[in-house]
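Q: Going line by line, the protein sequences match chains A and B.
If you read the first sequence in my numbering, its first letter stands for residue 518, the second for the next number, and so on.
If you read the second sequence in my numbering, its first letter stands for residue 342, the second for the next number, and so on.
Cβ coordinates follow ideal geometry from the N, Cα and C atoms, glycine included.
Just so you know, these numbers come straight off a predicted model, no measurement behind them.
Next up is a structure, given as structure tokens.
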Amino acid sequence: MKIKHTLDIKIFNAISYTVVGFLGIVTLLPFVVLLASSFSSEASIIREGYSLIPRDFSLQAYSLVFKEPDEILRAYAMTISLTMIGTVVALFFSAMTAYVLYRKEVKHRNKLSFFLYFTTLFNGGLASFYITVNNHLHLKNTFLVLLLVHMFSVVYILMLRSFMQGSLHDSILESAKIDGAGDFMMFVRIVLPLMKPALATIGLFTALGYWNDWWTPMLFIENDKLFPLQYVLYRVLSNVEMAASIIKAPIAVELPKETLKLALTVVSTGPIVLLYPFMQKYFVKGITVGAVKG
Amino acid sequence: MDELKTLYDIRKHKVLYMMFLPIAIYFLVFSYFPMAGIIIAFKDYNYAGGIWGSAWSGWDNFAYFFKSGKAWLVTRNTIGYNVVFLACYTFFSVAVAIFIAEMRSKWFKKTAQSFMLLPYFVSWVIVAAFVYNLFNYEFGVVNTVIGWFGGEPIDIYGSPRYWYFLLPIFYVWKWVGFGSILYLAAIMGIDQECYEAAVIDGATVFKKIYYITIPLLMPTMIILVLLGLGRVLRGEFDMFYQLIGNNSMLMDATDIVDTLVFRSLVGTPDFGLASAAGFYQSVLCFVIILAVNGAVKLYNKEYSLF
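What follows is the structure, encoded as structure tokens:
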């Protein structure tokens, strides 16, 4: 069928394509400026400001970042191991809990859900949390604190339960039960494999949380060997002298401060943005399922 | 009798209850224990005494918090910014969702959506770097452009008035991709027959949107706005802390409860102020959520939180 373009459609299209196109450009632009400027020379930035295309193409900042890459690589290793361990552990236990809340045999499942949900309605405040972690759990300056603080989210657990309610059929579990499978085995052998798309979605949200976390190290970590990437970046951006110490430059050397910051930003954003096209599908699904009815 | 039944139920399904245990312990330790610890707002905290052993100090911490003048300031800022954020976010998300729903060009839709979702993936640390690139006094993009036209550079990091507009703009910038997907899903759930019937009756695009899309989107919108209002006293902490940081010139215009509490805890902690402000926020938040939930329940029982 050929669609007739009447006047109202033409006007509407003009407005909608302009507005959405404009927003698309505005959201993309900073990324382009960041990338282009990080490949520009320091002098051109100081002289003419940032730009959309690299001016005086220069790799100076990047070569400085990677000349003494120990700190950066350590932060990378930190972030990657946190993200991987944290996501796998969080997914397994979250799914297991969701499965318990999904099983109708558990008479008190609504009370258990509310026990979890209540923590999103009321909390003891940051001061009390800080004292709990520092003083009572003695987790300050440990790898564990970075792993645990953001590990479980009630919203994700309840989302996983909704996924199960929508996609699992009682008959599958019934037949497994007749075959003699225990509750835990049923979860591992049947439920987990069937939940793969949901796990991918929640896994991505969790992984993103770990990757972008600068808050936990800022509150609980003083040992710079434990700093993850985003926190290193934060320190560099808020204090240029920090940049010098990260790349172990002698104080006397005149540093390309601006491009160095930009290059570090690119280096720490890179992986997540590169993965983005592959993740997008899952994200869209997750946002759609999760947020309207949590 | 009931206890017996419960015990029997737990014994019968002990594996399932055991599977719940790890998460239960996690939330007991990381949520319920600090909840009990909220009493430090009424204590003169010291490290040796911990939460339970420190001496009581009555309302001293609250007196300090309210007399410092900070209480009113951060309350006003937190609520003010959140209301503006919520309004802008809802408006742009709904508008973009409606536009995208009507678009025919698949690739345009997809590309624009991908770009708009990009900010969602990066931390506010990165966004702060962008903002600095845009607005710094010496070679920020904005001042560079002003320079081309022969104007005087603006000291944006030194003048609060710009941030009343910039903060909502960056909020929308970060969240519009996310929000539009949310509302787009709601639009996709609308029965297509409504539109077909309207077209046969000669409705224009504008009429379709005004008489079908918007009214049918209303329930979702009202629920999401109400839920947003439930969080009105919890600020977008990451954003404020990263974009503004400890900039004293912008502090009064941009300090929110969350940044105040966080700042009192890093470095040399001031537990008195942090715990009083935290108590104030938690309790008020809880009351607001209860009220909002009541409102949602009145509107549509299905969507109530509990």
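At 8 Å on the CB atoms, spell out the chain A contacts of W514 of chain B, in chain order.
A: Walking along the second sequence from the start, residue 514 of chain B turns up at place 173. V543 and T544, listed in chain order.
Q: Which value, in whole angstroms, describes the spacing of the CA atoms of D385 of chain B and N402 of chain B?
A: By one-based count along the second sequence, residue 385 of chain B stands at place 44. By one-based count along the second sequence, residue 402 of chain B stands at place 61. A straight line joining the alpha-carbon of D385 of chain B with that of N402 of chain B spans about 8 Å.
Q: In whole angstroms, what is the alpha-carbon distance linking A470 of chain B and V753 of chain A?
A: Counting from one through the second sequence, the residue named residue 470 of chain B turns up at place 129. Counting from one through the first sequence, the residue named residue 753 of chain A turns up at place 236. C-alpha separation (whole angstroms): 10 Å.
Q: From which residue to which residue does the alpha helix (DSSP H) around G608 of chain B run?
A: Residue 608 of chain B sits at position 267 when you count from the first residue of the second sequence. Counting along the chain, G608 of chain B falls outside any alpha helix (DSSP H), and DSSP gives it neither H nor E.
Q: For R706 of chain A, count neighbouring Cβ atoms within 10 angstroms of its own Cβ and tell me buried if that reaches 16, exposed if not.
A: Here residue 706 of chain A is taken as the residue at index 189 of the first sequence, counted from 1. Burial state of R706 of chain A is exposed, judged by a 10 Å Cβ sphere holding fewer than 16 other Cβ atoms.
Q: In three-state DSSP terms, what is K447 of chain B?
A: For the purposes of this step, residue 447 of chain B is taken as residue 106 along the second sequence, with counting starting at 1. Three-state result, K447 of chain B: helix.
Q: Please determine, among B:A404, B:P375 and B:V472, the residue with the shortest C-alpha to C-alpha distance to I585 of chain B.
A: Here residue 585 of chain B is taken as the residue at index 244 of the second sequence, counted from 1. Of B:A404, B:P375 and B:V472, the residue nearest in Cα terms is B:V472.
Q: Give the interface partners of F639 of chain A over in chain B, defined as CB-CB distance under 7 Å, in chain order.
A: Within the first sequence, the letter at position 122 stands for residue 639 of chain A. In chain order: M376, S623 and F627.
Q: Three or more beta-carbon pairs under 8 Å between the region 584-593 of chain A and the region 737-746 of chain A, yes or no?
A: Between the region 584-593 of chain A and the region 737-746 of chain A there are three or more inter-stretch CB-CB distances shorter than 8 Å, so the stretches are counted as touching.
Q: Can you pull the chain A residues whose beta carbon is under 7 Å from the beta carbon of A546 of chain B, in chain order?
A: The count along the second sequence starts at 1 and reaches residue 546 of chain B at position 205. The sequence given here places Val at residue 546 of chain B; Ala does not occur at that position. Listed along the chain, the chain A residues whose CB falls inside 7 Å of the CB of V546 of chain B are D525, I526 and F529.
Q: Starting from L590 of chain A, trace the alpha helix (DSSP H) in both directions and tell me its first and last residue.
A: The count along the first sequence starts at 1 and reaches residue 590 of chain A at position 73. Segment D587 to Y619, the alpha helix (DSSP H) holding L590 of chain A.
Q: When we look at the beta-carbon of W731 of chain A and count the other beta-carbons within 10 Å, is it buried (16 or more) or exposed?
A: Taking the first sequence and counting its residues from 1, the one referred to as residue 731 of chain A is at position 214. W731 of chain A comes out buried.
Q: Under 8 Å, Cβ to Cβ, is there at least one residue of chain A near L507 of chain B?
A: Residue mapping note: residue 507 of chain B aligns to position 166 of the second sequence, counting from 1. So, not an interface residue.
Q: Can you tell me whether D573 of chain A is helix, strand or coil according to DSSP?
A: Against the first sequence, residue 573 of chain A aligns to sequence position 56. Coil.
Q: At what residues does the alpha helix (DSSP H) containing N484 of chain B begin and finish?
A: Translated into positions along the second sequence, residue 484 of chain B becomes position 143. Where N484 of chain B is concerned, the enclosing alpha helix (DSSP H) stretches over V482 to W489.
Q: Output, in sequence order along the chain, the residues in the region 593-618 of chain A whose CB is closer than 9 Å to any CB in chain B.
A: Of all residues in the region 593-618 of chain A, F610, S611, M613, T614, Y616, V617 and L618 have a Cβ within less than 9 Å of some Cβ in chain B.
Q: Using a C-beta cutoff of 8 Å, does D741 of chain A count as contacting chain B?
A: Along the first sequence, read from residue 1 onward, the residue named residue 741 of chain A stands at position 224. For D741 of chain A, the closest Cβ of chain B is not nearer than 8 Å.
Q: Does any C-beta atom of chain A lie closer than 8 Å to the C-beta of G492 of chain B?
A: On the second sequence, residue 492 of chain B is found 151 positions in, with the first residue counted as 1. Taking Cβ atoms only, chain A never reaches closer than 8 Å to G492 of chain B, which makes this a no.
Q: Can you name, in chain order, every residue of its own chain whose Cβ lies under 6 Å from the Cβ of T600 of chain A, other than the five neighbours on each side?
A: Along the first sequence, one-based indexing puts residue 600 of chain A at 83. Contacts found: A724, Y727 and W728.
Q: Tell me the residue span of the alpha helix (DSSP H) that contains N402 of chain B.
A: Position 61 of the second sequence, counted from the start, is the residue given in the question as residue 402 of chain B. That run of the alpha helix (DSSP H) goes D401 to K408.
Q: What in chain B is Cβ-close to L725 of chain A, meaning under 8 Å?
A: In the first sequence, counting from the first residue as 1, residue 725 of chain A sits at position 208. Near L725 of chain A (Cβ distances below 8 Å), the residues of chain B are F462.
Q: What's the gap between the Cα of A769 of chain A and the Cα of Y579 of chain A?
A: Mapped onto the first sequence, residue 769 of chain A falls at position 252. Mapped onto the first sequence, residue 579 of chain A falls at position 62. Confidence at A769 of chain A is low in this model, with a pLDDT of 46, below 50, so its placement is unreliable and the value that follows should be read with caution. One C-alpha to the other measures close to 20 Å.
Q: Between Y582 of chain B and V623 of chain A, what straight-line distance do the alpha-carbon atoms span, to the nearest angstrom?
A: In the second sequence, residue 582 of chain B corresponds to position 241, counting from 1. In the first sequence, residue 623 of chain A corresponds to position 106, counting from 1. Going by the C-alpha atoms only, they are around 43 Å apart.
Q: What residues in the region 682-701 of chain A bring their beta carbon closer than 9 Å to a beta carbon of chain B?
A: G699, D700 and F701
Q: What three-state label does DSSP hand N474 of chain B in the structure shown?
A: In the second sequence, the residue the question calls residue 474 of chain B occupies position 133. Residue state, collapsed to three classes: helix.
Q: Taking Cβ-Cβ distances shorter than 8 Å, what residues in chain A pair up with A453 of chain B?
A: The residue given as residue 453 of chain B occupies position 112 in the second sequence. Going along chain A in sequence order, the residues near A453 of chain B (Cβ under 8 Å) are V537, G538, L540 and G541.
Q: Taking just the CA atoms, how far does E559 of chain A sit from T552 of chain A?
A: On the first sequence, position 35 is the one that residue 552 of chain A refers to. On the first sequence, position 42 is the one that residue 559 of chain A refers to. According to the sequence shown, residue 552 of chain A is Leu rather than Thr. C-alpha separation (whole angstroms): 14 Å.
Q: Examine chain B for any beta-carbon lying closer than 8 Å to the beta-carbon of G566 of chain A, and answer yes or no.
A: To locate residue 566 of chain A, count along the first sequence from 1; it is residue 49. Interface residue, yes.
Q: With 9 Å as the C-beta to C-beta threshold (strictly closer), list the residues of the region 709-735 of chain A near chain B in chain order.
A: L725, W728, N729, D730, W731, W732 and M735
Q: Among A:K621, A:S611, A:S533 and A:L792, which one has its Cα closest to the Cα of Q682 of chain A?
A: One-based indexing of the first sequence puts residue 682 of chain A at position 165. If we check each option's Cα against that of Q682 of chain A, A:K621 comes out closest.
Q: Could you check what DSSP says for M457 of chain B in three-state terms: helix, strand or coil?
A: Residue mapping note: residue 457 of chain B aligns to position 116 of the second sequence, counting from 1. Collapsing the DSSP output to three states places M457 of chain B in a helix.
Q: Excluding the 5 residues preceding and the 5 following K638 of chain B in the sequence, name in chain order all residues of the same chain whose CB lies nearer than 7 Å to its CB.
A: Reading the second sequence from its first residue, position 297 is the one you call residue 638 of chain B. The answer, listed in chain order, is S645.
Q: Restricting to Cα atoms, I'd like to know which of A:F800, A:T596, A:R678 and A:R572 is closest to S611 of chain A.
A: Position 94 of the first sequence, counting from 1, holds the residue named residue 611 of chain A. Answer by Cα proximity: A:R678.
Q: For the region 422-439 of chain B against the region 509-517 of chain B, are there 3 or more C-beta pairs whose distance is under 8 Å?
A: yes
Q: So, do the region 503-513 of chain B and the region 445-453 of chain B have three or more beta carbon pairs nearer to each other than 8 Å?
A: As far as the Cβ criterion goes, the region 503-513 of chain B does not touch the region 445-453 of chain B, which means the pair count is below three.
Q: Can you tell me whether M518 of chain A is buried or exposed, with buried defined as 16 or more other CB within 10 angstroms of its CB?
A: Taking the first sequence and counting its residues from 1, one reaches residue 518 of chain A at position 1. Low local confidence applies: a pLDDT of 44 at M518 of chain A is under 50, so the model's placement there is unreliable, with the coordinate-based value given in what follows. Classification for M518 of chain A: exposed.
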